[in-house]
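S.K.: Residue numbers (my numbering): 248 to 382.
Glycine included, C-beta positions come from ideal geometry on N, C-alpha and C.
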Amino acid sequence: MTGSTISQQVRKQGIAEAVEAAREASRTGQGSSNSIRWRDADHVLPVATVSLDLVLLNPHSHRIKSYVQSLDNEQQALIQSDPFGSEAQSLIEKILAGTEGYGRIKNTLARDGQRDPGLMTSEGVLVNGNTRAVA
């Protein structure tokens, strides 16, 4: 699902290209943007379409962190030592696919598509939308 097997350079370049295309689309009236509040300031960001291959699930997200803390010590150590490696990302993906409401989210996405954009860093780490990315 997620792009833990591609290099960070490829990931950053792909994201930068998608963001630039979204900015250009917004400038010409072809794209859209969203306003977010971050660190006591409002920011208007372009909505970019990014391949899921570029996305990294965020084990530090408040919604995922408690699930990670409930894993056995070996699994926790795996995620802690290499949170964006393929093994940790696969484990996080399994956790999210097993959460309550996952089926509903998956069905809604299949029926309606993604209505609200997720938010991610320029390095590909999701700030929100982790479960939607897995679904």
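Would DSSP call leucine 292 helix, strand or coil?
M.R.: Looking at leucine 292 - three-state DSSP - the assignment turns out to be strand.
S.K.: What is the DSSP secondary structure of leucine 304, counted as helix, strand or coil?
M.R.: Correct three-state label for leucine 304: coil.
S.K.: Rounding to the nearest angstrom, what Cα-Cα distance links serine 333 and arginine 286 in this structure?
M.R.: Spanning the two alpha carbons is a distance of roughly 31 angstroms.
S.K.: Using the Cβ count rule (16 or more neighbours within 10 Å means buried), how would you classify threonine 275?
M.R.: Classification of threonine 275: exposed, given that the 10 Å Cβ count is below 16.
S.K.: Less than 9 angstroms between the C-beta atoms of isoleucine 342 and arginine 379, yes or no?
M.R.: Not a contact, by the Cβ cut-off of 9 angstroms.
S.K.: Rank Pro293, Asn281, Arg258, Gly278 by C-alpha distance to the C-alpha of valine 405 and give the top, closest one.
M.R.: The chain is shown only over 248 to 382; residue 405 falls outside these bounds and no answer can be derived.
S.K.: Can you have a look at glycine 360 and say buried or exposed, based on whether 16 or more other CB atoms are within 10 angstroms of its CB?
M.R.: Per the 10 Å Cβ criterion, exposed.
S.K.: Would you report the Cα separation of leucine 301 and valine 257, rounded to the nearest angstrom?
M.R.: Those two C-alpha atoms are separated by around 8 angstroms.
S.K.: So which of Val381, Val374, Ala382 has the shortest CA-CA distance to isoleucine 283?
M.R.: That would be Val374, whose Cα lies nearest to the Cα of isoleucine 283.
S.K.: DSSP beta-bridge partners for asparagine 375?
M.R.: According to DSSP, which records beta bridges pairwise, asparagine 375 is partnered with Leu366.
S.K.: From the DSSP output, read off the bridge partner residues of isoleucine 283.
M.R.: Paired residue(s): His290.
S.K.: Where do the N-terminal and C-terminal ends of the alpha helix (DSSP H) with threonine 355 fall, by residue?
M.R.: Residues 349 to 359.
S.K.: Can you tell me which of the three DSSP states leucine 325 falls into?
M.R.: Leucine 325: helix per DSSP, three-state reduction.
S.K.: Can you tell me which of the three DSSP states leucine 318 falls into?
M.R.: Three-state DSSP puts leucine 318 in coil, outside helix and strand.
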